[in-house]
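Asks: Remember, the numbering used here sits 3 above the position in the sequence shown when you count from 1. Below is the structure I would like to discuss, written out as structure tokens.
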Amino acid sequence: MQKVTYAKGDGIGPEIMDATIKILDAANVRVDWEEIKIGEKVYLSGNTSGIDKVAWDSIRKNKIFLKAPITTPQGGGYKSLNVTMRKTLGLYANVRPCNSFHPFIKTKHPNMDVVIIRENEEDLYAGIEHQQTNEVVQCLKLITRPGCEKIIRYAFEYAKLYNRKKVSCFTKDNIMKQTDGLFHQVFKEISQEYPEIESENWIIDIGAARLADTPEIFDVVVMPNLYGDIVSDITAQISGSVGLAGSSNIGSSCAMFEAIHGSAPDIAGKNIANPSGLLRGAVMMLNHIGQQDVAEKIINAWACAIEDGIHTADIYKEDISREKVGTDAFADAVIKRLGLRPKYIKPESFTKDIKLNLPSYTRKPKANKVLKGVDVFVDWDGEKVDELAKKLKSMESDIKLSMITNRGIKVWPEGFEETFCTDHWRCRFEVENGHSAKKESILNTLSKALDGGVDVIKTENLYEFDGVRGYSLGQGQ
Ligand code: NAD
């Protein structure tokens, strides 16, 4: 018997979890269920993380977690529990299959069958944010080589295992050359190891537009965290309803399964939510724990109910559907069809004990890192940038002021008076070409800033790695 931790969550969570477990139990799942409480009630009891130690212990012991959606209270310093769980448990791969069930579920895209593979641990979801001046807040976007390698390799191994033909990568590396640039670079490197699988890169804006318009040209799509969050909701929605897609969050020791949608407070407690997203997440879980027989029985019964026109309100259409049912009655309709195979929707047949073959990350040899200068960020509410430059010049040592930018745009030397400036200035001090800087030079510059009354809010060192510049130029530089 496999022990599985589950949580009913908030909003529609309890309704769709009850329906899901009822179906799994009726299909004779070989699972010993252990319930934990997480989410809104835990948050509001004063625990800002939304989860207590007993719940953590259960998940870490059982390693398999089926989770209904939860509500993150707005404001008040509450951190998203979903993000915390994915990161704390190292669930780096978020897999979200979205396919259409034409003509039984209305969609403009009858032939779509796309799997979104979303990086789950880093990017802007590091949640490292600061207010730095009166006018400016910032959020750090962290992209790492191990993070990119793990998720991109996962996408290719997934494609290989499930006999998919193409992996597409979505980034915005024309703008974010370091962060998204690294993701794209690692994609290029890893795709070489899989010559049998087609690979392609899209700039996210046009890629997302094409995915929304012509999803059938995509197969597996891999992308950084934030893009994956947004694009997978769009992809599920255009397949018929956001209530249809399930997802798995896979790590090297634990795995969490859920619906992709949220707790839908607008329809909570009305017994009208579609339990299909969570049920399909549970089917992914059954595949993961080696119960393909049960997974197959459930997904085929589900397809029979959909084919028979037994639909919840979100997918109900008078010209297609036969009966509009609530959450509970939909679960009963699936249970009634356990053991049947769909006539029109392609029946699923899962292969026993398939496992992704993922090598662990090996750290690369250390590059030769050379200090070239420093970006000093300054809070200054003056208007004439030449005045700021004059103050900064007095902070020079062997590192010299080479540029000032405001929101990334070069405003000194030779800025335009049309450029709008805030009170947040990035002041770049660099050594001359061919030379390297010392940490002492930076300390010297900062100490002069203190003496000269320049309000330094942070610094970023400028490095070259094996002779390659590891920092972006100013826009207009
Ligand atoms: P949502 O996904 O909860 O709802 C968006 C819309 O889709 C609503 O109109 C809702 O009624 C509908 N919908 C969602 N699931 C449905 C289903 N199964 N059946 C029928 N209709 C369904 O998104 P939201 O309203 O932006 O977020 C609500 C709360 O959920 C927020 O507190 C958010 O933080 C949380 N959330 C949680 C998760 C998670 O736990 N994994 C994910 C996303 C959002």
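Where a beta carbon is used, it is the ideal one built from N, C-alpha and C, also for glycine. Here the structure is a predicted model, which means the values were calculated and not measured.
In three-state DSSP terms, what is Cys257?
Replies: Cys257 carries a coil assignment under DSSP once its states are collapsed to helix, strand and coil.
Asks: Does the segment 235-242 come within contact of the segment 102-119, defined as at least 3 CB pairs closer than 8 Å?
Replies: yes
Asks: So what does DSSP say about Gln295, is it helix, strand or coil?
Replies: helix
Asks: Measuring alpha carbon to alpha carbon, tell me which of Glu299, Asn123, Gly456 ends up nearest Pro149.
Replies: Asn123
Asks: Less than 7 Å separating the Cβ of Gly246 from some heavy atom of the ligand NAD?
Replies: Gly246 has its CB nearer than 7 Å to a heavy atom of the ligand NAD.
Asks: Thinking just about the alpha-carbon of each residue, which of Ala370, Lys346, Ser202, Ile275 is nearest to the one in Lys327?
Replies: Ile275
Asks: Express the C-alpha separation of Ala10 and Ile54 in angstroms, rounding to a whole number.
Replies: Computed Cα separation, rounded: 11 Å.
Asks: Would Ala298 pass as a contact of Phe353 if the rule is Cβ separation under 8 Å?
Replies: A contact, by the Cβ cut-off of 8 Å.
Asks: Can you name the start and end residues of the beta strand (DSSP E) that Gln134 belongs to?
Replies: 132-134
Asks: So, for Ser83: in the same chain, excluding its five sequence neighbours on each side, which residues have a beta-carbon less than 6 Å away from its beta-carbon?
Replies: Thr75
Asks: Can you tell me which residues form a DSSP beta bridge with Gly80?
Replies: Looking at the DSSP output, Gly80 sits in no beta bridge, so it has no partner there.
Asks: Considering only C-alpha positions, which residue in the set Asp454, Phe159, Ile301, Ala392 is nearest to Gln195?
Replies: Phe159
Asks: Which residue's Cα is closest to the Cα of Ile209: Leu359, Lys375, Tyr230?
Replies: Tyr230
Asks: Please state whether DSSP places Ser194 in a helix, a strand or coil.
Replies: helix
Asks: Mind checking whether Gly249 and Val286 have CB atoms under 8 Å apart?
Replies: yes
Asks: Whose C-beta lies closer than 8 Å to the C-beta of Lys396 among residues of the same chain, with five residues either side of it excluded?
Replies: Leu404
Asks: By Cβ distance, which residues of its chain are closer than 7 Å to Ser400, with the 5 residues on each side in sequence left out?
Replies: Ser444, Asn447, Thr448
Asks: Provide the residue(s) that pair with Ser250 in DSSP beta bridges, ordered along the chain.
Replies: Residue pairing by DSSP places Ser250 opposite Glu261 in a beta bridge.
Asks: May I have the straight-line CA-CA distance separating Thr422 from Val414, to the nearest angstrom?
Replies: 8 Å
Asks: Please tell me whether Ala452 and Met406 are closer than 8 Å, where the distance is taken between their beta carbons.
Replies: no
Asks: Quick one: residues in its chain with C-beta nearer than 6 Å to the C-beta of Gln478, no 5 flanking neighbours on either side, listed in chain order?
Replies: Gly411, Ile412, listed in sequence order.
Asks: Rounded to a whole number of angstroms, what is the C-alpha to C-alpha distance between Arg340 and Leu282?
Replies: 15 Å
Asks: Return yes when the Cβ of Ala258 is within less than 8 Å of the Cβ of Leu465, no when it is not.
Replies: Not in contact: Leu465 and Ala258 (Cβ atoms no closer than 8 Å).
Asks: Could you check what DSSP says for Ser279 in three-state terms: helix, strand or coil?
Replies: helix
Asks: Roughly how many angstroms separate the alpha carbons of Gly184 and Ser324, rounded to a whole number?
Replies: 47 Å
Asks: Between the Cα of Cys142 and the Cα atoms of Ile155, Glu125, Ile207, which residue gives the shortest distance?
Replies: When each option's Cα is compared against that of Cys142, the closest is Glu125.
Asks: When you compare only the Cα positions, how much space is there between Leu47 and Ala71?
Replies: 18 Å
Asks: Applying the 10 Å Cβ sphere with the 16-neighbour rule, what's the burial state of Ala239?
Replies: buried
Asks: In three-state DSSP terms, what is Ser352?
Replies: Residue state, collapsed to three classes: coil.
Asks: Compute the minimum distance between the beta carbon of Pro268 and the heavy atoms of the ligand NAD, and state whether it is under 7 Å.
Replies: yes
Asks: Between Ser255 and Val98, what straight-line distance do the alpha-carbon atoms span, to the nearest angstrom?
Replies: 14 Å
Asks: Sorry if obvious, but does the Cβ on Ala298 come closer than 7 Å to a heavy atom of the ligand NAD?
Replies: no
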